[in-house]
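Numbering (the working numbering), first residue to last: 394 to 967.
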Amino acid sequence: MKRLKKLLSQDRWILPSLRQQKSGLFWSIFLNFMITFAAGALMFVSGFLISRSAQHPSNILIIYVPIVLTRAFGIARPVFRYAQRLVSHNWVLRVVSKTRKRLYESAASTASSIRGQLQTGEVLSLLADDLDRLQNLYLRTLFPLGSGMVLYLFLTIAIGTINWLFMLWWFVMLAVILVIVPLLSLAVNYKGVQQQKKLQQSLYIDATDAILGLQDWVLSGRQEDLVQNQGETMSRLAHVKNQSMKFGWWRDFVIQVLVLILTITTLMWATNQFSDSSSTVNYIAAFTLAIFPLIDSFIAVNQGVSESSFYEDSIVRLNDLPEPTLLQETRHTTNSAVINFNQVTFKYGDKTIVDNLSFEVQPKEKIALLGRSGAGKTTLLKLLAGDIQSSLGEVTIDETPVQNLQGSMSSLVAVLDQQAYLFDTTIMNNVRMGNIHATDEQVQKVIEQAGLQPLINSLTNGYYTQMQEAGTRFSGGERQRFALARIMLQDAPIVVLDEPTVSLDPKTEYEVLSQIFSVLKDRTIIWVTHHLTGIENVDKVYFLENGKFTLSGSPAELHQTSARFKQLLLMDQY
Ligand SMILES: Nc1ncnc2c1ncn2[C@@H]1O[C@H](COP(=O)(O)OP(=O)(O)OP(=O)(O)O)[C@@H](O)[C@H]1O
């Protein structure tokens, strides 16, 4: 509970909205209390009325007032419930819509680095579940707890005005029902909730893995294994949830037994207190019946508190997200950006990936980064894009640290990846993503420059052909050319090529590379590659090994001086 209190005090997501929407919160708790009050009063007056009607009435008017009150409380209860739903839903929708917007802004402003901090499954659970959980924390735990405590105070004071000794008994019994049982159930349920959270998390991660690698599962003929793996986690989750429900059932049963004890003792006390005179005897049934509507509130408090540990991870994860900084997209107008890596060191944990590396890339220079798998080539690209930050030294573009250029990065650096990211819309729309302000003529021009005109001419719908999901309508080489056209439209002075031709056959690879270097001749190119096909297009080659460049020079120089380079060149010719 202490941990939850501490976490709540750090909550940057719902708490600030709560502060802004205090009146809605007050009315919601007040109306919640009024629902229970009206239900209790209805039973109280009904109990009195039944009892009084059983006696010979000296005057019919004596039962007239209770009849009117029964009607009034009978109507008041659903009216309060309706009003409470209106107020609380309005409140929840306001708070959640604002908070969800902030969450998406935060995730969007760190979109490039979030993958480094969280797994895709975690991002999914962050966007899909965490806010709902946080919302439930307030709706299912804190509100019932709030109105439960108001009820606790009200009942204790109300009974205290009649008999202080009996008030003490109620005080103890309510403390057991509203404080001790919830705390005990929180402690007992804690392990089960942790297990549920773990299984739910692994279900998300497995499902993400399964979707991303679906093709491999199908190609290896192991669809059934995939379904079975998922099924096992799901049935374990269902088992844990089932146990938790059983536990909830037992907890509610214990509460009902405690309420029964309270009811019997109240009946005994009321009999003792009110049976002396015929005018007060009717209060025996009234006091006893009024207890029953309280059960719903008591159960809600217990349910909420025992679920509260569910929300811990969500609060921690949400609080760990950076404050949304909506980056103002500014266009960097330079077409000659100088890249400088100045004594850059980068580590993943204890593992040094980049070790005190310094180099400069001049405007329009073309460089190739070579190195065995895992040497750190992609890490260098991430450092350049500012997706990760060096532990020592700094990376600058035109003497400005890349971290300060996040708002204009898309106009400075364009990326052509191993896989072209295309969408199920027209060719025109896909290419125009490079610059949404481009005219039709500009889009058509870059498509032509990327060598796609013959393809467009062969399509019935030409530029307006639908690409289908992930561009599957086209071949790998064609997809990369579309991505190239998009980059040309983006018009960034620096282009990063991260093995864009890795999945192409040698002939297409050669053609696409020639096209890339020809149309991007006025841009700086940083090309990560394992193959030396097309290496003659670059000015300088760097070999990355153990975080440092162990070899560098123009392809012609290296051909003369490095046996290793020669050997690699030979290998690529086969
Ligand atoms: N998020 C991460 N956390 C921990 N280690 C990482 C992370 N990302 C990469 N690494 C490690 O850093 C090293 C460099 O990775 P990087 O992706 O930069 O290599 P690379 O040279 O691009 O490899 P490849 O040619 O196979 O793409 C690898 O050993 C990799 O396992």
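Built from N, CA and C at the ideal position, the CB exists for glycine as well.
In this text the structure is predicted, and so the values were computed from the model without any measurement.
Taking 8 Å as the threshold (C-beta atoms), are residue j and residue i in contact?
| i | j | result |
| --- | --- | --- |
| Q908 | T894 | no |
| V698 | T534 | yes |
| S783 | L776 | yes |
| M860 | N823 | yes |
| V806 | I746 | no |
| S444 | A683 | no |
| R644 | V574 | yes |
| V438 | P459 | yes |
| F536 | N425 | yes |
| G869 | S896 | yes |
| R470 | I422 | no |
| G541 | L571 | yes |
| Y935 | I760 | yes |
| T789 | N733 | yes |
| G417 | N483 | yes |
| L435 | F466 | yes |
| Q736 | G786 | yes |
| L962 | K770 | no |
| A885 | V839 | no |
| G827 | L798 | no |
| A876 | L809 | yes |
| F640 | G585 | yes |
| W406 | T492 | yes |
| N930 | L906 | yes |
| L750 | F942 | yes |
| T549 | W563 | yes |
| S911 | K933 | no |
| M566 | L655 | yes |
Could you give the residue range of the beta strand (DSSP E) that holds residue i?
| i | result |
| --- | --- |
| D891 | 887 to 891 |
| N735 | 732 to 741 |
| L571 | L571 -> no beta strand (DSSP E), and no H or E assigned at all. |
| L809 | 806 to 809 |
I'd like to confirm the pairing. Which residues does DSSP put opposite residue i in its beta bridges?
| i | result |
| --- | --- |
| S945 | Y935 |
| W920 | A761, L890 |
| V485 | In DSSP, V485 forms no bridge with anything. |
| Q861 | For Q861, which the question treats as bridged, DSSP gives no partner whatsoever. |
| T819 | Q859 |
Give the range of the alpha helix (DSSP H) segment to which residue i is assigned.
| i | result |
| --- | --- |
| F547 | 536 to 553 |
| F646 | 616 to 667 |
| W610 | 607 to 612 |
| P899 | 899 to 912 |
| L527 | 524 to 529 |
| A678 | 676 to 682 |
| S707 | 705 to 713 |
| I692 | 687 to 700 |
| Q842 | 833 to 842 |
| Q812 | It is not in any alpha helix (DSSP H) - Q812 carries neither H nor E in the DSSP assignment. |
| G870 | 869 to 883 |
| N854 | Neither: N854 is in no alpha helix (DSSP H) and is coded neither H nor E. |
Q. Could you give the uninterrupted runs of the beta strand (DSSP E) lying entirely in the region 409 to 460, keeping only those of 3 residues or more?
A. none
Q. When a residue counts only if its C-beta is closer than 6 Å to some heavy atom of ligand 1, which residues count, in chain order?
A. G509, Y741, I746, G764, S766, G767, A768, G769, K770, T771, T772
Q | Uninterrupted beta strand (DSSP E) stretches inside the region 744 to 804 (no shorter than 3 residues) | A | 744 to 754, 759 to 763, 785 to 790
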